[in-house]
Amino acid sequence: MLNKFREAKQLEIESLRKDFVEGRIPAVYSGNRPSFVDAIKAKGPGAIIAEFKPASPSKGILRENINPMDFAEDYANNGAAAISVLTEHKYFSGTPDFLFMMSNPGIPLLRKDFIFDPLQVAMTASSPASAVLLIARMCDDVDHLKQLIDIARMPGLAPVVEVFDQADLDMAREAGADIIQVNNRNLDTLEISLDQGRHFIKQKQDDELWICASGVSERAQVEEMASLGFDAILIGTSLMEAENPGEKLAELTGAK
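Residue 20 in my numbering sits at position 20 of the sequence shown, with consecutive numbering throughout.
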C-alpha cells in the first residue's frame with residue numbers, strides 16, 4: 001500500500017527538485033505557527049486532533065462539495081486541539097492549499113501526506129503547518145528518517161513519526177523522534193484494531209508525546225485511550241461522515 005502512495009508522489013518530488021535546481025526555493029512561512037505540542041498538552045491526555053480528508057483509499061469520496069474553511073471553524077469551535085490536514089491529491093483529494101485555507105482559526109495544523117524527501121519537508125515549512133507527518137517505514141533507514149526530523153525542526157515544525165510495528169518504533173526512537181503516532185491499521189489486511197494502540201502504549205517514555213490514530217469513533221474509546229496514556233487521538237473518518245461534524249466532535253471531546 002505504501003509503495004503505491006510513494007509512486008503517486010514522484011511527479012510532485014520531481015517538480016520540487018526542478019524548482020530547487022533552478023533556484024526557486026520556497027521561503028519559510030513568516031506568519032504565526034502555533035505550537036503543536038503545547039496545544040496537545042493543554043487539552044491532553046486524550047486531546048482530539050480532528051482530521052479533514054475529502055476522500056480515502058478504502059472508502060472513496062467521504063464528502064462532496066465541502067469547504068475546508070468551514071471545517072476549520074467547526075473543528076476549532078468544538079474543542080479540537082489541532083487539525084490534521086490531508087494534502088495528498090490522488091487518493092485523498094487533498095492539496096497543500098488546504099493548509100492556508102484552514103489556518104484562520106489559529107489552532108495548529110498537522111500536514112498529513114506521504115513525505116519522504118527533504119524538499120517535501122521544505123515545502124511544508126513554507127506553509128502555516130505546525131507539524132508534519134513522517135511515516136517511519138517510508139524511509140530507507142534510520143539516517144534517512146533522522147534527516148527529515150532534523151530538517152523539520154529547523155523552521156519550527158513538529159515531526160510526528162507514525163509507526164505500525166515494533167521495528168518502526170525502534171527506528172523512530174533511534175532517529176530521535178519524540179512524537180510517536182501509533183496507527184491502528186494493519187497495512188497488509190487494512191483491518192483496524194485498537195489492540196494495536198493498547199499494546200504499544202505500554203512502551204511510552206516520559207519524554208515522549210503519543211498519538212493514537214485510526215479506529216476511534218466514540219467518546220468511550222477516547223476516554224480509554226487517554227486513560228492508557230495517549231496524549232492525543234487523531235480522528236478523521238467518523239467526523240467526515242457525520243451529518244454534523246461539529247456536533248460529532250463536541251461529543252468526542254466530551255463538550256456535549
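No residue lacks a Cβ here, since even glycine has one placed at the ideal position from N, Cα and C. As the structure is a prediction and not an experimental result, all values here were calculated from the model.
Contact between the region 85 to 101 and the region 18 to 27 is not established, with fewer than three Cβ pairs separated by less than 8 Å.
Relative to I107, the option among P128, I180, C139 whose CA is nearest is P128.
Excluding residues up to 5 positions away in sequence, L2, F5, R6, A8, K9, E88, I135, M138 lie with their Cβ nearer than 8 Å to the Cβ of F114 in the same chain. Straight through space, the alpha carbons of S15 and P105 are spaced by roughly 31 Å. One Cα belongs to P26, the other to L187, and the distance between them is close to 34 Å.
When the Cα atoms are used, S103 and Q166 turn out to be separated by approximately 35 Å. Annotation for S214: N183, N184, R185, I192 place their beta carbon closer than 7 Å to its own, counting only its chain and skipping 5 residues before and after. When only Cα atoms are considered, F200 and A226 end up about 13 Å apart. When only Cα atoms are considered, I66 and E251 end up about 21 Å apart. When the five nearest sequence neighbours on each side are left out, the beta carbons in the same chain lying within less than 7 Å of the beta carbon of Y75 are those of A50, I83, L249, in order along the chain. Contact check for G44 against A172 fails: the beta carbons are separated by 7 Å or more. Taken in chain order, the whole alpha helix (DSSP H) runs of length 4 or more contained in the region 38 to 88 are 68 to 77. Following the DSSP letters along the chain, one finds R17 inside the alpha helix (DSSP H) bounded by residues 10 to 21.
Of D140, P96, D141, the smallest CA-CA separation from Q120 is found for P96.
Cβ-Cβ distances below 7 Å link G176 to K146, I149 in the same chain, with the five nearest sequence neighbours on each side left out; the list follows chain order.
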